[in-house]
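Participant:
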Amino acid sequence: MSDLRSLLHGLPGVDKVGVEARAAALATRSVKTTAKAQAIDLAIRMVDLTTLEGADTPGKVRALSAKALRPDPADPTCPPVAAICVYPAMVPVAFEVLKGSGVHLASVATAFPSGQAPLDVKLADTRDAVAGGADEIDMVISRGAFLAGDYTKVFDEIVAVKEACGSAHLKVILETGELGTYDNVRRASWLAMLAGADFIKTSTGKVPVAATLPVTLVMLEAVRDFRARAGRQIGVKPAGGIRTTKDAMKYLVLINETVGDDWLSPDWFRFGASSLLNDLLMQRTKLTTGHYAGPDYFTLD
1 MSDLRSLLHG
11 LPGVDKVGVE
21 ARAAALATRS
31 VKTTAKAQAI
41 DLAIRMVDLT
51 TLEGADTPGK
61 VRALSAKALR
71 PDPADPTCPP
81 VAAICVYPAM
91 VPVAFEVLKG
101 SGVHLASVAT
111 AFPSGQAPLD
121 VKLADTRDAV
131 AGGADEIDMV
141 ISRGAFLAGD
151 YTKVFDEIVA
161 VKEACGSAHL
171 KVILETGELG
181 TYDNVRRASW
191 LAMLAGADFI
201 KTSTGKVPVA
211 ATLPVTLVML
221 EAVRDFRARA
231 GRQIGVKPAG
241 GIRTTKDAMK
251 YLVLINETVG
261 DDWLSPDWFR
271 FGASSLLNDL
281 LMQRTKLTTG
291 HYAGPDYFTL
301 D
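Residues 1 to 301 (full-length UniProt numbering) are what the sequence shown spells out, left to right.
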């Protein structure tokens with residue numbers, strides 16, 4: 001597919017210094033007090049509450065699913081999160097708690113986190129998760145194939161997984177910490193979008209370098225430019241290492257200043273996180289009551 005290679009390598013190069021400087025400058029901006037309560041509630045609604053551990057149990061997944069529905073049981077005005085994200089084996093457990101609630105059920109599939117499995121295994125993984133009740137699939141690309149320049153293989157795998165998803169939305173994880181350059185992040189973003197991704201996601205959270213503001217900025221610019229060219233809007237999901245309300249506010253500023261209001265919605269932006277939610281809840285309590293709840297006031301996930 002020489003046309004694909006030509007398109008990807010014909011994309012404008014990323015100005016590394018410029019991207020990092022802009023991300024650093026935007027990170028210094030603050031959300032004004034009057035808007036902070038709204039921003040915190042928006043961030044809560046954007047969370048994909050995640051547990052992806054080998055030690056996950058049905059009990060833990062049920063408890064996390066209940067927390068997704070009522071993050072602060074003492075405050076019914078607190079909004080639910082966007083989704084729960086679990087391994088395929090735990091999808092039926094979460095589905096029993098979430099069904100009919102409006103909270104989405106996401107599952108990592110396609111040999112998460114390495115992506116090193118034959119395509120038929122990846123497709124079976126995806127179909128099993130959807131059959132169990134997942135309405136969102138978070139797949140990983142074959143980074144080895146991408147870095148070797150085999151863009152056609154990566155493209156074809158995304159197309160096949162998208163088909164296996166049926167009506168479920170597809171989030172494509174680029175694992176940006178392994179891609180090496182911002183140019184590769186831009187190329188992988190475009191490759192995923194051209195192949196049919198509904199979202200592009202930074203990371204699995206299983207490698208040392210996960211989501212960063214500069215990488216997310218490159219991906220936001222990619223979805224903005226893709227919509228201008230192709231007429232289709234794509235979501236963005238940074239994941240891994242986003243732990244505090246201050247972190248979340250930086251990303252909301254980044255969205256607002258880069259792509260605008262159209263992406264300031266859980267339909268188009270998500271945080272892949274676990275500990276972030278508790279910090280958002282503590283900050284929310286501080287705004288409403290004037291004092292912090294202790295870190296043990298909310299469940300530890």
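Every residue, glycine too, gets a C-beta built ideally from N, C-alpha and C.
Can you list, in chain order, the stretches of the beta strand (DSSP E) that have 3 or more residues and sit fully within the segment 185-229?
Facilitator: If we require 3 residues or more, the beta strand (DSSP E) runs fully inside the segment 185-229 come out as 199-201.
Participant: Go through its chain and collect everything with a Cβ distance to Val97's Cβ below 7 Å, but skip five positions before and after it.
Facilitator: Looking up residue 97 in the sequence shown gives position 97. Hits under 7 Å: Arg62, Ser65, Ala66.
Participant: Tell me, which residues are paired with Phe269 by DSSP?
Facilitator: Stepping through the sequence shown from its first residue, residue 269 is reached at position 269. Paired residue(s): Val236.
Participant: Do you know whose CA, among Cys165, Ala106, Tyr251, lies nearest Val218's CA?
Facilitator: Taking the first residue of the sequence shown as position 1, residue 218 is located at position 218. Looking at the Cα atoms, Tyr251 is the closest of the given residues.
Participant: Under 9 Å between the Cβ atoms of Asp222 and Phe271?
Facilitator: For this step, residue 222 is matched to residue 222 along the sequence shown. For this step, residue 271 is matched to residue 271 along the sequence shown. Note that residue 222 corresponds to Ala in the displayed sequence, not to Asp. It is not a contact, given that the beta carbons lie outside the stated cut-off.
Participant: Which same chain residues, not among the five before or five after Arg224, have their C-beta less than 8 Å away from its C-beta?
Facilitator: On the sequence shown, position 224 is the one that residue 224 refers to. Excluding positions up to five away in sequence, the list reads Thr258, Val259.
Participant: Suppose only complete runs of 4+ residues qualify. What are the alpha helix (DSSP H) ranges in the segment 107-180, listed by chain order?
Facilitator: Complete alpha helix (DSSP H) runs here, min 4: 119-131, 143-147, 151-165.
Participant: Suppose contacts are defined by Cβ-Cβ distances below 9 Å. Is Ala111 in contact with Pro266 by that definition?
Facilitator: Here residue 111 refers to the residue found at position 111 of the sequence shown. Here residue 266 refers to the residue found at position 266 of the sequence shown. No. Outside cutoff.
Participant: In or out: Gln283 buried (at least 16 other Cβ within 10 Å) or exposed?
Facilitator: For this step, residue 283 is matched to residue 283 along the sequence shown. Buried, since its Cβ has 16 or more Cβ neighbours within 10 Å.
Participant: Residue range of the alpha helix (DSSP H) that Ile242 falls in?
Facilitator: Taking the first residue of the sequence shown as position 1, residue 242 is located at position 242. Per DSSP, Ile242 belongs to no alpha helix (DSSP H) and is neither H nor E.
Participant: Measure the Cβ-Cβ separation of Leu280 and Val47 and say whether it is below 9 Å.
Facilitator: Start at 1 with the first residue of the sequence shown, and residue 280 comes out as number 280. Start at 1 with the first residue of the sequence shown, and residue 47 comes out as number 47. Result yes, Cβ atoms of Leu280 and Val47 sit closer than 9 Å.
Participant: Give the secondary structure of Asp48 by DSSP, where H, G and I count as helix, E and B as strand, and everything else as coil.
Facilitator: Taking the sequence shown and counting its residues from 1, the one referred to as residue 48 is at position 48. It is a strand residue.
Participant: Assign Glu53 to buried or exposed, taking buried as 16 or more other Cβ atoms, counted over all protein chains shown, within 10 Å of its Cβ.
Facilitator: The residue labelled residue 53 in the question sits at position 53 within the sequence shown. Flag for Glu53 reads exposed.
Participant: Closest to Val159 by CA distance: which of Leu254, Ile141, Arg232 is it?
Facilitator: The count along the sequence shown starts at 1 and reaches residue 159 at position 159. Checking every option, the nearest Cα to that of Val159 belongs to Ile141.
Participant: Roughly how many angstroms lie between the CA atoms of Asp125 and Asp135, to the nearest whole one?
Facilitator: Within the sequence shown, numbered from 1, the residue matching residue 125 stands at position 125. Within the sequence shown, numbered from 1, the residue matching residue 135 stands at position 135. Spanning the two alpha carbons is a distance of roughly 14 Å.
Participant: Straight-line CA distance for Leu277 to Ser2?
Facilitator: Translated into the one-based positions of the sequence shown, residue 277 becomes position 277. Translated into the one-based positions of the sequence shown, residue 2 becomes position 2. If you take the alpha carbons of Leu277 and Ser2, they lie about 44 Å apart.
Participant: I'd like to know whether the C-beta atoms of Leu174 and Leu220 end up nearer to each other than 9 Å.
Facilitator: By 1-based counting over the sequence shown, the position of residue 174 is 174. By 1-based counting over the sequence shown, the position of residue 220 is 220. Contact: no.
Participant: In angstroms, rounded to a whole number, what distance separates the CA positions of Met193 and Ile200?
Facilitator: The sequence position of residue 193 within the sequence shown is 193, counting from 1. The sequence position of residue 200 within the sequence shown is 200, counting from 1. So the alpha carbons of these two residues sit roughly 8 Å apart.
Participant: Based on the DSSP output, what are the partners of Ala83 in its beta bridges?
Facilitator: The sequence position of residue 83 within the sequence shown is 83, counting from 1. Answer by DSSP bridge pairing, in chain order: Asp48, His104.
Participant: Looking at the unbroken alpha helix (DSSP H) that takes in Asn59, where does it start and where does it end?
Facilitator: On the sequence shown, residue 59 is found 59 positions in, with the first residue counted as 1. According to the sequence shown, residue 59 is Gly rather than Asn. Here the alpha helix (DSSP H) through Gly59 covers 58-69.
Participant: So, for Leu191: in the same chain, excluding its five sequence neighbours on each side, which residues have a beta-carbon less than 7 Å away from its beta-carbon?
Facilitator: Residue mapping note: residue 191 aligns to position 191 of the sequence shown, counting from 1. The residues are Leu8, Tyr151, Val154, Phe155.
Participant: Which residues in the same chain as Arg29 place their Cβ atom closer than 7 Å to its Cβ, once the five residues preceding and following it in sequence are excluded?
Facilitator: Within the sequence shown, the letter at position 29 stands for residue 29. Excluding residues within five positions, the ones whose Cβ falls inside 7 Å are Val253.
Participant: Look at the alpha carbon of Leu26 and the alpha carbon of Val121, and state the distance between them as a whole number of angstroms.
Facilitator: Here the question's residue 26 lines up with position 26 in the sequence shown. Here the question's residue 121 lines up with position 121 in the sequence shown. Using only the alpha carbons, I get a separation of about 42 Å.
Participant: Quick check on the DSSP output: the alpha helix (DSSP H) that includes Ser6 runs from which residue to which?
Facilitator: Here residue 6 corresponds to residue number 6 of the sequence shown, with the count starting at 1. Its alpha helix (DSSP H) spans residues 2-9.
Participant: With H, G and I counted as helix, E and B as strand and the rest as coil, what does DSSP make of Arg22?
Facilitator: The count along the sequence shown starts at 1 and reaches residue 22 at position 22. In the structure shown, Arg22 sits in a helix (DSSP, three-state: H, G or I).
Participant: Pull up the distance between the alpha-carbon of Val185 and that of Thr50, whole angstroms please.
Facilitator: Taking the sequence shown and counting its residues from 1, one reaches residue 185 at position 185. Taking the sequence shown and counting its residues from 1, one reaches residue 50 at position 50. Spanning the two alpha carbons is a distance of roughly 24 Å.
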